[in-house]
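Following: one structure in structure tokens, then a few remarks.
Residue numbers (mature numbering (1 follows the signal peptide of the UniProt record, and there is no 0)): -21 to -1, 1 to 654.
As structure tokens, then:
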């Protein structure tokens, strides 16, 4: 252990903190402990039991916990920013203040929406009705891609996974209106079958409201078509493999995947043609299967399908009857939510989606003090130092792979709070009386920004989240970790609290994101963001043995009777949770500089660390929403993010004296320790 390094880190941390740790409160919520449950038997319940018993999920939410509470607290702040901009007497036409004020106003103006009803969609309905030949479908799909409507396939612009100096267009499967193919295909599951039947009724209702005289029959045809699309889709687990999803195809060879399909028109109308000479096709078999499906499905069915997608995409922005019908299915039926969010919250969400960095700049000015960023930077440095030390001491990784891992870690970029440069929205037109148009134009504005990246240098300053987002991420192509301003608040980060809790909370989040660079997906990328195998065969074998154990552990977890966690789908996040907590704990020990942690609230530093970690995952979720997440979410349910992680941590056993016979106990040979 490098004593000089520990000393320097400790001094820097104390300087950033400004006071000794024992002068601070713990930052834990001890009032919600359930003392009837031992932390050795159910850590999550022990920490959060009273909160779980006394908290009702708000009627307009599908889940409620640390993330949702912070998001809900942020909305009034954003509303105040928007309304202040709208009321600014000095705002100019075409200014950011005009844009955010008018976008919000267009959502809040229900009288205009009632008067317009379907008028804003007429041009798109006519575009679909003009479809007279299947050969015209590629042009229509290109338009749908451009304006953000669901189509059988879509594409995104990102770095080429094998040449991280270039942007590339990546074609991906799409086309479904339900969360996962299982909703169409798993007939033995009564909940899935019921959701599909009610979805068909919802489609019929919407089409009927739009004046379709054959709504019931057309809805049945739409469901049948989406079911066929579901049959040929790759599973979520298959889509996790970046090597299998990397299929580089020259533009002039796309016809081999889909003979007879008019790729020339699609490439021209999307704006891809002339900017690159190849694309990546993530699921080639889907594109081939889609082409066959186009051939065998009547044109009239495709027209009805596309008409439905126009209606579906715009339903939240139409008159009250369409918005309510949309909520009744996607809110009540699919997610179990009792009532819509207040209109002002939905208006804030829409404005945020359309003008995220405009709001973000003002949010940071008002709600993100500079000292919070400085403290966070120090925490990140300590976590990276802990990773450097940990790599050198791993017993399952050989010297050659360790050298590559250190090289990758040295190339990590950290972004905290907000971007160095803000996006320019001056070309986005926002009208006070045109909500549908505002949403459509914002999609097109984002679309043009992305397509125009092709052929240009990589923008390493760009952010994939706004500062007001309650989240964080790792991008393997840029090899960067990003922490937006809004997540740097309690319970994740509290500058006034004891460092043990901060390391257990935001420290584990930092460690989580860093470890994504070394999970089963991220470890396939090198420090420059290229897919390259830098592991030895022996280390691959050792790593695979650990991941198989982790898959088995999480497969055993069942949040709802009859439904289990998918350990393969959630593997990357489970690796990150377990690794992040382990590294954060090591970083906390580094911060102590060899001195004993103070006892606060009768708890040792070790106990406070793990309790800080466990309280972050405090949450409740409606069963219907939980089922969706089990199908599509790469994260395990919150309870198992807490319990499933700590039972693999030696420090947890030491902190709480966990012994054989305790319900949380795992024998040492069954614990997965990666870092």
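Every residue gets a Cβ at the ideal spot worked out from N, C-alpha and C, and that includes glycine.
All values reported here derive from a predicted model rather than from experimental measurement.
Asked	Found
Is the beta carbon of residue 662 less than 9 Å from the beta carbon of residue 458?	In the structure displayed, the chain extends from -21 to 654; residue 662 sits before or after that span and is not available.
Let me make sure I understand the geometry here. Which of 605, 475 and 272 has the alpha-carbon closest to that of residue 659?	The structure shown does not extend to residue 659, since the chain spans only -21 to 654, so no value can be given for it.
If residue 280 and residue 200 are in contact, beta carbons under 8 Å, what's the gap, nearest whole angstrom?	5 Å
Report yes if the C-beta distance between residue 402 and residue 461 is below 9 Å; otherwise report no.	no
For the candidate residues 110, 275, 287 and 124, whose alpha-carbon lies nearest to that of residue 181?	287
Buried or exposed: which applies to residue 398, given that a residue is buried once 16 or more other Cβ atoms fall within 10 Å of its Cβ?	buried
For residue 438, count neighbouring Cβ atoms within 10 angstroms of its own Cβ and tell me buried if that reaches 16, exposed if not.	exposed
Considering only residues of the same chain and omitting the five flanking positions on each side of residue -11, which have a CB-CB separation below 7 Å?	For residue -11, the pLDDT reaches just 30, beneath the cut-off of 50, and the residue's location in the model is therefore unreliable, leaving the point undetermined.
Using the C-alpha atoms, what's the distance from residue 251 back to residue 431?	9 Å
Compute the distance between the beta-carbons of residue 136 and residue 433, then report whether it is under 9 Å.	yes
Counting Cβ pairs, one atom from each stretch, are 3 or more of them under 8 Å apart for the region 501 to 517 and the region 575 to 582?	no
In terms of residues, what are the limits of the alpha helix (DSSP H) holding residue 521?	516 to 534
Determine the contact status of residue 10 and residue 29, defining contact as a CB-CB distance below 9 Å.	yes
If you check the beta carbons only, do residue 243 and residue 129 fall under 9 Å apart?	no
Out of 530, 538 and 542, point me to the one whose CA is closest to residue 548's CA.	530
Alpha carbon to alpha carbon, how far is residue 140 from residue 222? Give it in angstroms, no decimals.	9 Å
In angstroms with no decimal places, state the Cα-to-Cα distance between residue 487 and residue 505.	23 Å
What three-state label does DSSP hand residue 496 in the structure shown?	helix
Since I believe residue 588 is in contact with residue 482 (beta carbons under 8 Å), could you give me their beta-carbon distance rounded to a whole number of angstroms?	6 Å
Just how far apart, CA to CA, sit residue 376 and residue 503?	15 Å
Count Cβ pairs between the region 441 to 452 and the region 335 to 350 that sit closer than 8 Å; are there 3 or more?	yes
By DSSP, does residue 16 sit in helix, in strand, or in coil?	coil
Distance, Cα to Cα, residue 88 vs residue 642?	55 Å
Can you say whether residue 382 is buried or exposed, counting buried as having 16 or more other CB atoms within 10 angstroms of its CB?	exposed
Mind pulling the alpha helix (DSSP H) runs of 4 or more residues that sit fully within the region 74 to 112?	75 to 87, 89 to 95 and 101 to 108
If you count every other CB in all the chains shown that lies within 10 Å of the CB of residue 635, and 16 or more means buried, which is it?	buried
Taking the alpha carbon of residue 60 as the reference point, which residue from 42, 151 and 346 has its own alpha carbon closest?	346
Under 8 Å Cβ to Cβ from residue 113, same chain only, skipping five residues before and after it: list those, please.	273, 274, 278 and 281
When DSSP builds the beta bridges, which residues end up paired with residue 137?	147
Buried or exposed: residue 78, going by 16 or more other Cβ atoms within 10 Å of its Cβ?	buried
I'd like the span of the beta strand (DSSP E) that includes residue 257, first residue to last.	257 to 260
Excluding the five sequence neighbours on either side, which residues of its own chain have a C-beta within less than 7 Å of the C-beta of residue 552, listed in chain order?	613, 614 and 615
Distance check for residue 94 and residue 38, CA to CA, integer angstroms please.	29 Å
Tell me whether the beta-carbon of residue 596 lies closer than 9 Å to the beta-carbon of residue 618.	yes
Put residue 301 into one of helix, strand or coil per three-state DSSP.	helix
Within a Cβ cutoff of 6 Å, which residues of the same chain sit near residue 103, ignoring the five residues on either side of it in sequence?	289
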